[in-house]
Amino acid sequence: MADFFDKLIKQEPYTQYTLDMFSRSAGKDHAEIDQFDKWRQMVTGANKYTFEVSHLAAQRPEISVRRESGDEYNLISFASYNYLGYSYHPDVIDAAKKALDLYGLGATGSPLLNGTFQIHKELEDSIVKFFGQKDYGVSLFSSGYGANLGVISAFIHKGDHVVLDRSSHASLIDGAILSQGKISLFRHNDTEFLEKVLKRIDYENTRILVCCEGVYSTDGDYGNLRDIIDISHKYGAAVLVDEAHSLLVAGENGRGVCEEQDVLSEADMIIATFSKSFGGVGGCIYANKKITNYMNYYARSRMFSCALDPGVTGGLIKSLELAGGADGKERRKRLNYNANYLREKLKGHVDIGTSSSWIIPVIYGDERLTLPLSDYLQREGIDISLMMFPAVPKNRSRIRAFVTSEHTKNQLDKGSDIILRAADKYNFLIG
Ligand SMILES: Cc1ncc(COP(=O)(O)O)c(C=O)c1O
Numbered sequence: 002m003a004d005f006f007d008k009l010i011k012q013e014p015y016t017q018y019t020l021d022m023f024s025r026s027a028g029k030d031h032a033e034i035d036q037f038d039k040w041r042q043m044v045t046g047a048n049k050y051t052f053e054v055s056h057l058a059a060q061r062p063e064i065s066v067r068r069e070s071g072d073e074y075n076l077i078s079f080a081s082y083n084y085l086g087y088s089y090h091p092d093v094i095d096a097a098k099k100a101l102d103l104y105g106l107g108a109t110g111s112p113l114l115n116g117t118f119q120i121h122k123e124l125e126d127s128i129v130k131f132f133g134q135k136d137y138g139v140s141l142f143s144s145g146y147g148a149n150l151g152v153i154s155a156f157i158h159k160g161d162h163v164v165l166d167r168s169s170h171a172s173l174i175d176g177a178i179l180s181q182g183k184i185s186l187f188r189h190n191d192t193e194f195l196e197k198v199l200k201r202i203d204y205e206n207t208r209i210l211v212c213c214e215g216v217y218s219t220d221g222d223y224g225n226l227r228d229i230i231d232i233s234h235k236y237g238a239a240v241l242v243d244e245a246h247s248l249l250v251a252g253e254n255g256r257g258v259c260e261e262q263d264v265l266s267e268a269d270m271i272i273a274t275f276s277k278s279f280g281g282v283g284g285c286i287y288a289n290k291k292i293t294n295y296m297n298y299y300a301r302s303r304m305f306s307c308a309l310d311p312g313v314t315g316g317l318i319k320s321l322e323l324a325g326g327a328d329g330k331e332r333r334k335r336l337n338y339n340a341n342y343l344r345e346k347l348k349g350h351v352d353i354g355t356s357s358s359w360i361i362p363v364i365y366g367d368e369r370l371t372l373p374l375s376d377y378l379q380r381e382g383i384d385i386s387l388m389m390f391p392a393v394p395k396n397r398s399r400i401r402a403f404v405t406s407e408h409t410k411n412q413l414d415k416g417s418d419i420i421l422r423a424a425d426k427y428n429f430l431i432g
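Residue numbering for the sequence shown follows the working numbering, beginning at 2 and increasing consecutively.
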């Protein structure tokens, strides 16, 4: 392996750099900014900078992108979270256009003061109706990131505790840091570990929030929600379930992993992002009305940020309507079929970890491979996201394939062929 990297670094010198090298302060002279700039110029100059490529049209299964160098590529996309294809559904676009015409481009104000429009109320009502529970409410945010940040930091204060699954998304961790509560992590999905952590806290006198996810975007596996909720409640802790990657896609009716594991009425707070299966942007907390009313007033990322765009909000209402009906059922069926199909093609040849959803990681390990591999995959014809430290542990870097209901068999076949060819070239075939 050492020889392999020596050779690679000689051919492609920038591979010896990894992004986290530039993320630390190097004293008063801002050396890391200069170093990053030098690295970026070298990579861009070699036409190997594969981040921030411009998409030239909607996030369909086949897309065209333009690199900073001006080179354009036609790619099969496995990089978008557009699981049900709603970002470009004609009815969704139509609904967004109508709302845009009526309400204008932006909300131009914070929701609490002057930025709430009738269309926001309609979205809140649609979400409550979609879940069908009495006395529940919704508080809207302009991003999923903002929802986690605002909700956790409004619920938890100094002296309280936030306990997170170790694979939690950055927005949950950042919310916990902002809250100034004490932070503990438990091993991914390990409920015995969680119980040990809870027992160590003075749980009878302390407010505790346990955070977990419906489907984890790093591993593509499901949260063990039933056990996490049972154990958390045993110690008086509230549970927040982030269904960013599972709402509209998991569960018989699309109500997420909470529906699938029959814990909808036990989860204390559910976070949704509209940037994934809804095909738009924004986020919300769905919870008992008392909690969401409180969040409307006290979540700082809501209070001090502009409300959702009215046009997008119109589109979100239509996505939800489609997902809650026959169209959603049909798309969820196709999505699961497609995900199983691609997983079966990759399984046994590359390490796909514990994936059991529409997110399929392919673990290649060493982060020095990230840029050459990403460049190779794009040139071969697929757009796919690569993740490395600090988003995943060291030496667990991975390609992640996001499958959608709209991929064809031919696109899935081509995608898996390219991934397997890359695995052969970069030494991460396992079978
Ligand atoms: C689990 C999870 N929560 C929250 C977010 C943030 O959502 P958004 O991109 O809508 O801000 C993401 C984004 O990928 C996520 O994966």
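All C-beta atoms, glycine included, are put in the ideal place defined by N, C-alpha and C.
Near ligand 1: residue i beta-carbon under 7 Å from a heavy atom
{"i": "ASN341", "result": "no"}
{"i": "SER140", "result": "no"}
{"i": "GLY284", "result": "yes"}
{"i": "THR405", "result": "no"}
{"i": "HIS246", "result": "yes"}
{"i": "ASN149", "result": "yes"}
{"i": "SER386", "result": "no"}
{"i": "HIS56", "result": "no"}
{"i": "SER218", "result": "yes"}
{"i": "GLU193", "result": "no"}
{"i": "GLU214", "result": "yes"}
{"i": "HIS170", "result": "yes"}
{"i": "THR454", "result": "Residue coverage of the chain in this structure runs from 2 to 432, which leaves residue 454 outside it and unanswerable."}
{"i": "ASP222", "result": "no"}
{"i": "ASP376", "result": "no"}
Contact under 8 Å by Cβ, residue i with residue j
{"i": "LEU343", "j": "ILE361", "result": "yes"}
{"i": "LEU210", "j": "ILE157", "result": "yes"}
{"i": "VAL258", "j": "SER276", "result": "no"}
{"i": "VAL250", "j": "SER278", "result": "yes"}
{"i": "ILE232", "j": "LEU199", "result": "yes"}
{"i": "ILE318", "j": "LEU124", "result": "yes"}
{"i": "ILE286", "j": "SER406", "result": "no"}
{"i": "SER143", "j": "ALA308", "result": "yes"}
{"i": "SER417", "j": "LEU347", "result": "yes"}
{"i": "VAL313", "j": "ALA97", "result": "yes"}
{"i": "VAL54", "j": "VAL44", "result": "no"}
{"i": "GLU13", "j": "PHE23", "result": "no"}
{"i": "GLY212", "j": "ASP166", "result": "Looking at the sequence shown, residue 212 is not Gly but Cys. The answer is yes: Cβ separation under 8 Å."}
{"i": "LEU413", "j": "ASN337", "result": "no"}
{"i": "GLY315", "j": "PHE131", "result": "no"}
{"i": "GLU267", "j": "ILE230", "result": "yes"}
{"i": "ARG397", "j": "ILE431", "result": "no"}
{"i": "SER154", "j": "GLY176", "result": "yes"}
{"i": "ARG61", "j": "TYR50", "result": "no"}
Assigned secondary structure, residue i (DSSP; H/G/I helix, E/B strand, else coil)
{"i": "ALA238", "result": "coil"}
{"i": "MET304", "result": "helix"}
{"i": "PRO14", "result": "helix"}
{"i": "SER276", "result": "coil"}
{"i": "GLU322", "result": "helix"}
{"i": "ILE361", "result": "strand"}
{"i": "ARG399", "result": "strand"}
{"i": "ASN289", "result": "strand"}
{"i": "ASP434", "result": "In the structure as shown, the chain starts at 2 and stops at 432, and residue 434 therefore has no counterpart that could be examined."}
{"i": "ASP222", "result": "coil"}
{"i": "SER55", "result": "strand"}
{"i": "VAL211", "result": "strand"}
{"i": "HIS158", "result": "coil"}
{"i": "ARG201", "result": "helix"}
beta-carbon residue i near ligand 2 non-hydrogen atom, thresh 7 Å
{"i": "TYR146", "result": "Ligand 2 is not part of the structure shown, which contains ligand 1 as its ligands."}
Cβ separation of residue i and residue j, assumed to be a contact under 8 Å, to the nearest whole Å
{"i": "VAL216", "j": "SER358", "result": "5 Å"}
{"i": "SER172", "j": "GLY151", "result": "The pair is not a contact, with the Cβ atoms about 10 Å apart (cut-off 8 Å)."}
{"i": "LEU378", "j": "ALA423", "result": "6 Å"}
{"i": "THR192", "j": "ASN225", "result": "6 Å"}
Under 8 Å, with one C-beta from each stretch per pair, do the segment 84-91 and the segment 299-307 reach the 3-pair mark? no
Give a yes or no on contact between the segment 333-352 and the segment 379-391, applying the rule of three or more CB pairs nearer than 8 Å. no
Pair every Cβ in the segment 65-84 with every Cβ in the segment 395-404, then say whether three or more of these pairs are closer than 8 Å. By the Cβ rule, the segment 65-84 counts as touching the segment 395-404, because three or more pairs are nearer than 8 Å.
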